[in-house]
Each structure stands twice: as structure tokens, then as C-alpha cells.
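A.B. asks:
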Amino acid sequence: MEVSSRHHLRSDDVSELNDALDDLLGVTLDADSYELVEFKDTERDVILVDGEPLAAYFDDDPFLTVRGANEYPPKRGVVTVDAGAISFVSDGADVMRPGITEADDSIDAGDLVVIVEETHGKALAIGRALVDGAEMTGESGKVVESLHHVGDDLFEFVA
């Protein structure tokens, strides 16, 4: 991931970011510095929060990264998967119904979601819901498209 530009966010951009994260996930970032990093080879921009890549823009929507979700555990917008799904989700696979043990009912199709494992509640991936949260559990079918996961370029990015 080659950096094309870096600049600090203005206070109104920080407020907009925190408002969006509070609305979607029930979290507010608490930091002294917020820096936007834009890349040449990807449309995804990263927000360094006190130097750590804790937030990003996914299709122009601000959201936590996997690191961010582990640092600031979300209260809403969470999809929980069982132990059998961990290796697949961690490798970037889309999330299928049989692997889901629980999903937040407030999730609407099209929302960004945090995918966590059921034992420790650790974030494994960020994805986009393909169905409403109430429809995520069941026998078959893809229900979350994976956008970012443990071990991908964004996860490995070092400022």
C-alpha cells in the first residue's frame, strides 16, 4: 500500500467521524491526533488515531478497522461467528449463515458490520451486511461480504 498523501483531520472532520461511529457502533474514539492517509493503489483511506490505523473509509463510509474494533469494542453492528468460521473469516472469506451464532437485530442490509468470534469477542473482520441482522442466522447462504480482515494489507499497515 503506497501512501499518496497524509494530513491531519480538521476538528469538524473528527466530530463527523465520531458521530458516525457513535451512531453505527456506539463507540467514540478518544485521541489527541487524527491523521488521514490516502493510498495510490486502493480507494480505501485510513485514519490514524494517535498513530494507529483504527478507522478507515469503506466506500466513503467511516468505520473502525479490525484493530479499531478490538481497541474500541462496538456495542452495536456486531455479527458473531462460531469457532468453525474463524479460520475462513480471518482469511477473508465472506460470512455464511451456518457460521453465525448471533447478529445485532438493528443491522440493516447494506450496513457495515464488525465480525467477532464468540469465545473472546475479538474482531476478525469488517464486512457489509447483505441481509438484515434478524435474517442472518440459518442454514445456508452468504450474508456478509468481507471488506477487511485480520492479516490483510490494511491490517498489516504500519504508519
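For the sequence shown, UniProt numbering begins at 1 and goes up steadily by one.
Note that the Cβ used here is the ideal one computed from N, Cα and C, for glycine as well.
(1) Could you give the DSSP three-state label for residue 146: helix, strand or coil?
(2) How far does the beta strand (DSSP E) with residue 118 in it reach, from first residue to last?
(3) Quick one: give me the first and last residue of the alpha helix (DSSP H) that residue 158 is part of.
(4) For residue 61, which beta-bridge partners are listed by DSSP?
(5) Report buried or exposed for residue 12, applying the criterion of at least 16 other Cβ atoms within 10 angstroms of its Cβ.
(6) When the Cα atoms are used, what is the spatial distance from residue 115 to residue 86?
(7) Since residue 86 is in the alpha helix (DSSP H), which residue starts that stretch and which ends it?
(8) Can you give the Cα-Cα distance for residue 84 and residue 145, rounded to whole angstroms?
(9) At the level of alpha carbons, what is the spacing between residue 7 and residue 140?
(10) For residue 159, which of 54, 129, 10 and 106 has the nearest alpha-carbon?
(11) Give me the DSSP bridge partner(s) of residue 102.
C.D. replies: Looking at the atomic coordinates:
(1) strand
(2) That residue, residue 118, is in no beta strand (DSSP E); it is neither H nor E in DSSP.
(3) Counting along the chain, residue 158 falls outside any alpha helix (DSSP H), and DSSP gives it neither H nor E.
(4) 58
(5) exposed
(6) 10 Å
(7) 86-90
(8) 18 Å
(9) 44 Å
(10) 54
(11) 80
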